[in-house]
Every structure is written in C-alpha cells, then in structure tokens.
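J.:
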Amino acid sequence: MIASTRTALLLITVLLCVDFVTCKIDVTYSPNEFPRFRVGEQRTLTIQVSDSSPPHKSENRSVLVGCADTFVCKAISYPNHVILHPDENYTSTFRVELEALFLGVTQLNVTIGDEVVQPYQLRIVRSNRDEKVTLAFSIFIAIFVLIITFMMGTQLEPRRIIGIVRKPIGPTVGFFCQFGLMPTLGFLLAEYGLPADAVSLKLALFAVSTCPGGGKSSFWTIIFGGNLDLSISMTFTQTIAALFMMPLWMGTLGKHFTDAHVRIPFAKLIEASTFSE
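For the sequence shown, the residue numbers in mature numbering (1 follows the signal peptide of the UniProt record, and there is no 0) are -23 to -1, 1 to 254.
See the structure below:
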C-alpha cells in the first residue's frame, strides 16, 4: 500500500514538472531593435506571443509591460489582456508605445499571465538637440584651444628652450617625478587604499598614475606666471617618454593586478606628442 502510494505521488510530481516545463509563452519582437532611439522620442513596439502548449481552449491572459529602469524609458500604452484563441493558433499580437526619457541601456520586461517572457533590449541615445549642442560646443572648444595654443607659441623663446635642452635639469626632475614617484604612489594607493576585490579600480588607478601630464598644464603656467618654456619642454619630453614607460610599468607592476593583456594607446600618445603645444 505504501509502495503504491509513493508511486502515485511520484507520477503526479513528474506530470506536474512536465506540465511546468512545457507551459511556455514564445515571444517575437518587431523590430528586433530600435535604431537610434533618442531621448524624447516615442516608438511603437509590436509583440507577438504564442502558447507552445495550448490548453485547447481560449485563454484570456493579463499583460504587464514596464522598463527595468523607469528613469530611462516608460511604456505609455499597451493592452491589459490578450486572448489566445485556437482559431488563431493560440497566437496574439499587440503593440506597446514606448517613450525615451534618459540616455542609457535598459530592457523592457514583459509578463504574460504569470510568466515573464524574454525581455527586449533598449538603448537610448541623446536627442537631436543635445547632439547638435554637443557638436557646436566641441567645435567652439577646438577653435578656442587652437587660438590659445597659437598664442602660447608666440610667447616661446627659442634661446631659453635651447638652454633647457643643454641643461635639462627641469625635464629630468619632472621625468623621475612623473615616471618614478607617481607610479610608485599610485601602486601603493591602489594596493593598500582600495578594497581587495576592487581589482578594476586598482588597475585603473595604477594606469592613471603612469600616464603623462596633459598639455593643458601650460594654461595654468601662464595664469600663475610660471616658466612657459620649461612647461612645454617637460610636457613634450614626458609624452615621448610615455611611449616606453607606460608599457614598462604595466608589464611589471601592472601584472600584480591582472594577467590580462593591457593595450597601450600608442596612436593616441603619438598624436598627443605631435600636437601638444
């Protein structure tokens, strides 16, 4: 009697598991993705759902649609229910109106009845207005920096630069501070100042400590009445030295944080050394 009861319970459990596994809603999205879905725009997403294990009768199932990140997008309108009818092969199609609120990457969660179906991936980009403003600002800054850089060039004295080359005390001190002291301090701060599991942050902090200073330091030199010739000479020599010192540090102490191959942006460094000052 006990054995037959156990067998019956096992059979019921297996049937329930099979029913749970086979009851699945298939979903198809159209389009597969929104090209350049911009902030402030509204798009229509067509969703087709079908029951792969129909109950052989019509079913009225509830629909719930919402963005995973509500500040990025929102579902404006969608039907509350869908009807899966046998005459339509238990398939139903409905539309969802979406509005982009903020740039970012998120997903649209869809629930049919009690089942959460495969989400729809969304990528929101800047609005046309923001993109135009950013482009105009970038062009203005590029022209402004070009003019300022040209004006700085008129302040240089070749005689003083030749003197710095003959007695490179300043560039030598700057070299040891930039590629000796700073990477050492960066390594110590990363190793002992950050959590043990923050490997990415440690590597990022150490990588920044090995990078050369930018040419914008000359702006501060002019503002505070410093030696512009020395500043430009140090920026140039440090940028050239970075082509060799950055791979050296990342290939030695950098291996302490990760065994992955770290790509050094040689093209960017060469571009910076060519156009700096």
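Quick reminder that beta carbons are idealized off the backbone N, C-alpha and C, glycines included.
Just so we're clear, the structure is a prediction, and the values are computed from it rather than from any experiment.
1. Between residue 100 and residue 7, what straight-line distance do the alpha-carbon atoms span, to the nearest angstrom?
2. How big is the Cα-Cα spacing for residue 220 and residue 157?
3. Should residue 44 be flagged as near chain C, meaning a C-beta pair shorter than 8 Å?
4. Hey, quick one: how far does the alpha helix (DSSP H) through residue 108 stretch, first residue to last?
5. Pull up the distance between the alpha-carbon of residue 216 and that of residue 83, whole angstroms please.
6. Give me the residue from 64, 234, 229, 224 with the minimum Cα distance to residue 240.
7. Where residue 236 and residue 214 are concerned, what is the direct C-alpha to C-alpha distance, given to the nearest angstrom?
8. Inspect the beta-carbon positions of residue 212 and residue 194 and report whether they are closer than 8 Å.
9. Find the nearest neighbour of residue 79 within the set 155, 54, 102, 180, judged by alpha-carbon distance.
10. If we ignore side chains and look at the alpha-carbon of each, how far apart do residue 178 and residue 98 end up?
11. Roughly how far, in whole angstroms, is the beta-carbon of residue 24 from the beta-carbon of residue 71, given that I think they are within contact range, below 8 Å?
12. State the DSSP-derived secondary structure class of residue 18, mapped to helix, strand or coil.
13. State the DSSP-derived secondary structure class of residue 240, mapped to helix, strand or coil.
14. For residue 190 and residue 53, I'd like the C-alpha separation in whole angstroms.
15. Between residue 171 and the rest of its own chain, which residues show a CB-CB distance below 6 Å, the 5 nearest in sequence each way excluded?
16. Determine whether the beta carbon atoms of residue 165 and residue 88 lie at a separation below 8 Å.
T.: According to the structure data:
1. Looking up residue 100 in the sequence shown gives position 123. Looking up residue 7 in the sequence shown gives position 30. Cα to Cα, residue 100 sits roughly 15 Å from residue 7.
2. Residue numbering aside, residue 220 sits at position 243 when the sequence shown is read from its first letter. Residue numbering aside, residue 157 sits at position 180 when the sequence shown is read from its first letter. Taking the Cα positions, residue 220 is about 15 Å away from residue 157.
3. The structure shown has no chain C; it contains just one protein chain.
4. Counting from one through the sequence shown, the residue named residue 108 turns up at place 131. 105 to 131 is the extent of the alpha helix (DSSP H) around residue 108.
5. Indexing the sequence shown from 1 puts residue 216 at position 239. Indexing the sequence shown from 1 puts residue 83 at position 106. Approximately 39 Å between the Cα atoms of the pair.
6. Indexing the sequence shown from 1 puts residue 240 at position 263. Comparing Cα positions, the closest option is 224.
7. Position 259 of the sequence shown, counting from 1, holds the residue named residue 236. Position 237 of the sequence shown, counting from 1, holds the residue named residue 214. A straight-line Cα-Cα distance of about 30 Å links residue 236 and residue 214.
8. As a first step, residue 212 is located in the sequence shown; it is residue number 235 there, counting from the start. As a first step, residue 194 is located in the sequence shown; it is residue number 217 there, counting from the start. In contact: residue 212 and residue 194 (Cβ atoms closer than 8 Å).
9. Position 102 of the sequence shown, counting from 1, holds the residue named residue 79. The shortest Cα separation from residue 79 among 155, 54, 102, 180 belongs to 102.
10. To locate residue 178, count along the sequence shown from 1; it is residue 201. To locate residue 98, count along the sequence shown from 1; it is residue 121. If you take the alpha carbons of residue 178 and residue 98, they lie about 28 Å apart.
11. Against the sequence shown, residue 24 aligns to sequence position 47. Against the sequence shown, residue 71 aligns to sequence position 94. About 6 Å separates the two Cβ atoms, so the contact holds.
12. Position 41 of the sequence shown, counted from the start, is the residue given in the question as residue 18. Note: residue 18 maps to coil in three-state DSSP.
13. Here residue 240 refers to the residue found at position 263 when the sequence shown is read from its first residue. Here residue 240 sits in coil by DSSP.
14. Reading the sequence shown from its first residue, position 213 is the one you call residue 190. Reading the sequence shown from its first residue, position 76 is the one you call residue 53. Answer to the nearest angstrom: the Cα atoms are 49 Å apart.
15. Taking the sequence shown and counting its residues from 1, one reaches residue 171 at position 194. Counting only Cβ-Cβ distances below 6 Å, and skipping sequence neighbours, we find 178, 179.
16. Taking the sequence shown and counting its residues from 1, one reaches residue 165 at position 188. Taking the sequence shown and counting its residues from 1, one reaches residue 88 at position 111. For residue 165 and residue 88, no; Cβs fall outside 8 Å.
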